[in-house]
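Visitor:
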Amino acid sequence: MKKIPNNKAWWLVLPVFLLVAFSALIPLMTVVNYSVQDIFGPNSAYFVGIDWFRDVLRNEALQESLGRQIVFSSAVLLIEIPLGIGVALMMPTAGKRASLCLILLAIPLLIPWNVVGTIWQIFGRGDIGLFGRAMNEIGFDYNYTADTVDAWLTVLLMDVWHWTPLVALLCYSGLRAIPQAFYQAAEIDRASRWAIFRYIQLPRLKSVLVIAVLLRFMDSFMIYTEPFVLTGGGPGSSTTFLSQTLTTMAVGQFDIGRAAAFSLIYFLIVLLVSWLFFTAITYPDRDK
Amino acid sequence: MNQRKGFGIAFYILFLMLPIYWLLNMSFKTNQEILSSLTLWPKTFTLDNYAVIFTDPSWYSGYINSMIYVSINVVITLIVALPAAYAFSRYKFVGDKHLFFWLLSNRMAPPAVFLLPFFQLYSSIGLFDTHIAVALAHCLFNVPLAVWILEGFISGVPREYDEMAYIDGYSFPRFFIKIFIPMIRSGIGVSAFFAFMFSWVELLLARTLTSVDAQPIGAIMTRTVGASGIDWGVLAAAGVLTIIPGLLVVWFVRNHVATGFALGRV
């Protein structure tokens with residue numbers, strides 16, 4: 004649709020701008036302010052320039068948690084996006100069964116994040132949890148509180164359980180919006196199942212996939228509550244992700260300057276990667 | 031082919047439901063039974079865990095608090111996002127593209143970044159421990175998403191409708207409320223669902239901005255980790271109860287899902 008040039012439209016955007024600016028710009032300025040100062044108390048702080056940033060970039064614990072975060076988010080995207088598309092393709096297309104599937108699918112999304120962690124904490128226990136006990140019964144020596152691989156497996160499985168439904172719901176609605184005529188044309192052309200998916204369904208899913216990929220990237224990169232409740236970052240620091248390292252620094256050690264510098268670097272990483280995803284996926288649309 | 035599909039989806043739903051089943055199962059057990067052995071259904075069926083929550087104000091007030099701030103958040107989100115999404119969809123104005131991406135970028139700010147400044151900001155204007163503070167804070171990530179979703183829907187409505195209403199003598203606000211909003215109601219339903227969902231499950235900000243009066247249920251649940259160990263039964267019952275409001279919301283928007291979530295862009 005061609006848009007009409009009209010600068011008065013700013014009035015319509017103004018409420019959003021003010022609201023988000025209040026919640027975002029003031030805190031962001033505060034963070035920037037902290038990040039260049041060393042703070043001893045309410046009235047004693049002195050300017051340190053970019054020392055904190057240099058410090059943070061050299062910090063090994065942070066580099067490690069960034070590495071873990073990248074591995075985790077990549078794994079989440081690689082598993083959840085294809086699985087979500089697959090689930091959406093398998094879902095019934097209409098009727099009561101479709102409604103039931105949708106409602107059941109939405110349940111994991113509606114559970115507060117700390118409760119999700121709590122559920123899996125019990126579910127995975129080797130003595131009283133169904134999953135942990137089952138794993139042990141079939142011969143795996145499974146213990147997510149002591150073994151790094153098991154802890155990772157559990158955190159990943161929990162995230163896949165929790166968030167794949169979001170991808171599936173988005174893809175499902177994208178699929179439902181494809182006009183029947185496309186399928187009829189494919190049938191006349193005797194297109195294979197794969198050809199239908201590749202040339203009809205996948206291109207039509209693109210706009211919802213942009214949202215799914217971006218939401219899953221942002222949220223998995225900022226994940227905090229669930230692994231914290233489940234493993235507390237352990238065993239050792241094997242499941243300590245970026246947000247947890249940051250929170251420990253800011254709240255636990257009250258190391259505000261360093262935490263603020265860390266926050267800004269963190270924010271820029273998410274921003275940059277999201278922007279790359281966003282432009283990469285929407286790029287072909289530009290020419291139209 | 032269809033049989034295989036049905037089998038696949040059934041298997042997936044089973045995987046989704048197992049942890050939920052386990053939570054439900056635990057909520058009807060006594061603590062003694064939970065900790066002593068693994069039983070697939072409660073041997074001594076009890077409703078005591080639920081009774082604890084429904085009779086203790088410090089428990090059930092958490093649900094009320096959560097529902098209050100989530101409702102405020104959904105209302106604010108829709109009220110400010112609708113006109114903005116209309117503007118982004120219909121008009122070209124100075125800085126529109128930059129503004130749109132800047133809005134999205136706020137969805138990307140790690141909550142941990144904002145914890146301390148938020149606490150200071152809301153304390154300094156006297157909103158600490160109020161429902162409105164949490165509702166406003168959650169707008170940070172809900173409003174951009176709502177604008178994004180609604181913009182897609184509004185772009186799906188041809189501009190001829192706007193022009194026809196103008197010719198028929200409708201004022202803009204009247205046109206917007208009487209004609210436009212009903213046309214994009216599935217979009218509004220979907221935005222409301224997303225706003226509800228993300229606000230209902232978010233805990234880090236909600237817990238930071240509240241202490242007693244507006245404490246969300248999620249924060250109250252962490253209290254059960256006391257000196258006497260964890261009260262698993264009550265915790266499980268509380269967990270089951272957090273799912274119910276969400277289920278009601280999904281029930282109401284389920285018919286919009288097929289037409290709705292596709293965001294009008296497909």
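These protein sequences, in sequence, are chains A and B. With my numbering applied, the first sequence covers 4 to 291. With my numbering applied, the second sequence covers 31 to 296. For each residue, glycine too, the CB sits at the ideal point set by N, CA and C.
From this set, A/8, A/180 and A/145, which residue's C-alpha is nearest residue 186 of chain B's C-alpha?
Guide: Numbered from its first residue, the second sequence carries residue 186 of chain B at position 156. Ranking the options by Cα distance to residue 186 of chain B, first place goes to A/180.
Visitor: Write down the C-beta distance between residue 111 of chain B and residue 164 of chain B rounded to the nearest angstrom, noting that I regard them as a contact closer than 8 Å.
Guide: Here residue 111 of chain B corresponds to residue number 81 of the second sequence, with the count starting at 1. Here residue 164 of chain B corresponds to residue number 134 of the second sequence, with the count starting at 1. Not really, about 18 Å apart at Cβ, beyond 8 Å.
Visitor: Should residue 52 of chain A go down as buried or exposed, given a rule of 16 or more other Cβ atoms within 10 Å for buried?
Guide: Sequence index remark: in the first sequence, residue 52 of chain A carries index 49 (1-based). Residue 52 of chain A is exposed by the Cβ-count criterion.
Visitor: What is the C-beta distance between residue 83 of chain A and residue 164 of chain A, in whole angstroms, given that I count them as a contact (C-beta under 8 Å)?
Guide: Position 80 of the first sequence, counting from 1, holds the residue named residue 83 of chain A. Position 161 of the first sequence, counting from 1, holds the residue named residue 164 of chain A. The pair is not a contact, with the Cβ atoms about 10 Å apart (cut-off 8 Å).
Visitor: What distance in whole Å lies between the Cβ atoms of residue 260 of chain A and residue 296 of chain A, which are believed to be in contact at a cut-off of 8 Å?
Guide: Because residue 296 of chain A is not part of the residues shown, which for chain A are 4 to 291, the question remains open.
Visitor: Checking contacts by CB at 8 Å: is residue 15 of chain A closer than that to chain B?
Guide: Stepping through the first sequence from its first residue, residue 15 of chain A is reached at position 12. Chain B, which has a Cβ nearer than 8 Å to the Cβ of residue 15 of chain A, makes this yes.
Visitor: For residue 98 of chain B and chain A, any beta-carbon pair shorter than 8 Å?
Guide: Along the second sequence, read from residue 1 onward, the residue named residue 98 of chain B stands at position 68. Residue 98 of chain B does not count as touching chain A.
Visitor: So residue 193 of chain A contacts chain B; which residues on that side make the cut at Cβ distance below 9 Å?
Guide: Residue numbering aside, residue 193 of chain A sits at position 190 when the first sequence is read from its first letter. By Cβ distance, chain B contributes nothing, its closest Cβ being about 16 Å from residue 193 of chain A, past 9 Å.
Visitor: Name, please, each residue of chain B whose Cβ falls closer than 8 Å to the Cβ of residue 56 of chain A.
Guide: Taking the first sequence and counting its residues from 1, the one referred to as residue 56 of chain A is at position 53. None at all; the shortest Cβ gap to chain B is about 15 Å.
Visitor: Is residue 123 of chain B helix, strand or coil when you go by DSSP?
Guide: Your numbering for residue 123 of chain B matches position 93 in the second sequence. It is coil, neither helix nor strand.
Visitor: Between the stretch 145-158 of chain B and chain A, which residues of the former have CB atoms less than 8 Å from a CB of the latter, in chain order?
Guide: Flagged, chain order: 145, 146, 147, 148, 150 and 151.
Visitor: Roughly how many angstroms lie between the CA atoms of residue 207 of chain B and residue 106 of chain B, to the nearest whole one?
Guide: Taking the second sequence and counting its residues from 1, the one referred to as residue 207 of chain B is at position 177. Taking the second sequence and counting its residues from 1, the one referred to as residue 106 of chain B is at position 76. Distance between the alpha carbons of residue 207 of chain B and residue 106 of chain B is about 16 Å.
Visitor: If you measure between the beta carbons of residue 225 of chain A and residue 140 of chain B, is that distance less than 8 Å?
Guide: Locating residue 225 of chain A in the first sequence gives position 222, where the first residue counts as 1. Locating residue 140 of chain B in the second sequence gives position 110, where the first residue counts as 1. Against a cut-off of 8 Å, the Cβ pair of residue 140 of chain B and residue 225 of chain A comes out as a contact.
Visitor: Could you name the residues of the same chain whose beta carbon sits closer than 7 Å to that of residue 276 of chain A, not counting the 5 residues immediately before and after it, in chain order?
Guide: The residue labelled residue 276 of chain A in the question sits at position 273 within the first sequence. Within the same chain, residue 276 of chain A has close Cβ partners 220.
Visitor: Residue range of the alpha helix (DSSP H) that residue 225 of chain B falls in?
Guide: If you number the second sequence from 1, residue 225 of chain B lands on position 195. Where residue 225 of chain B is concerned, the enclosing alpha helix (DSSP H) stretches over 215-231.
Visitor: Helix, strand or coil, according to DSSP, for residue 56 of chain A in the structure here?
Guide: Residue 56 of chain A sits at position 53 when you count from the first residue of the first sequence. In this structure, residue 56 of chain A counts as helix in the three-state DSSP scheme.
Visitor: Which word fits residue 162 of chain A, buried or exposed, when buried means at least 16 other C-beta atoms lie within 10 angstroms of its C-beta?
Guide: Residue mapping note: residue 162 of chain A aligns to position 159 of the first sequence, counting from 1. Residue 162 of chain A comes out buried.
Visitor: Hey, could you find the ends of the alpha helix (DSSP H) residue 151 of chain A is sitting in?
Guide: The sequence position of residue 151 of chain A within the first sequence is 148, counting from 1. Start and end: 151-179.
Visitor: What does residue 9 of chain A reach in chain D if we use C-beta pairs closer than 9 Å?
Guide: Absent here is chain D; the protein component of the structure consists of chains A and B.
Visitor: As an exercise, report each continuous alpha helix (DSSP H) stretch of at least 4 residues that is fully enclosed by the stretch 182-210 of chain B, in chain order.
Guide: If one requires a minimum length of 4 residues, the alpha helix (DSSP H) runs lying completely within the stretch 182-210 of chain B are 190-197 and 202-205, in chain order.
Visitor: Throw me the rounded Cβ distance for the residue 122 of chain A and residue 49 of chain B pair, which I believe falls under 8 Å.
Guide: By 1-based counting over the first sequence, the position of residue 122 of chain A is 119. By 1-based counting over the second sequence, the position of residue 49 of chain B is 19. Contact holds; Cβ gap of about 5 Å.
Visitor: Is there at least one Cβ from chain A nearer than 8 Å to residue 129 of chain B's Cβ?
Guide: As a working note, residue 129 of chain B is residue 99 in the second sequence. So, interface residue.
Visitor: Closer than 8 Å, CB to CB, is residue 166 of chain A near chain B or not?
Guide: The residue you call residue 166 of chain A lines up with position 163 of the first sequence. No, no contact with chain B.
Visitor: On the CB-based measure, 16 or more other CB atoms within 10 Å of its CB, does residue 277 of chain B come out buried or exposed?
Guide: Position 247 of the second sequence, counted from the first residue, corresponds to residue 277 of chain B. Answer is exposed; the Cβ neighbour count stays below 16.
Visitor: So, residue 284 of chain B versus residue 26 of chain A, is the Cβ gap smaller than 8 Å?
Guide: Sequence index remark: in the second sequence, residue 284 of chain B carries index 254 (1-based). Sequence index remark: in the first sequence, residue 26 of chain A carries index 23 (1-based). Not closer than 8 Å, so no.
Visitor: For residue 119 of chain B, which residues of its own chain have a beta-carbon under 7 Å away from its beta-carbon, when the five flanking residues on both sides are left out?
Guide: Walking along the second sequence from the start, residue 119 of chain B turns up at place 89. Excluding residues within five positions, the ones whose Cβ falls inside 7 Å are 181, 184 and 185.
Visitor: Can you tell which of A/217, A/63 and A/80 has its C-alpha closest to the C-alpha of residue 245 of chain A?
Guide: By one-based count along the first sequence, residue 245 of chain A stands at place 242. Looking at the Cα atoms, A/63 is the closest of the given residues.
Visitor: Can you confirm whether residue 131 of chain A, when its beta carbon is compared against all beta carbons of chain B, has any partner nearer than 8 Å?
Guide: The residue you call residue 131 of chain A lines up with position 128 of the first sequence. With 8 Å as the cut-off, residue 131 of chain A counts as an interface residue toward chain B.
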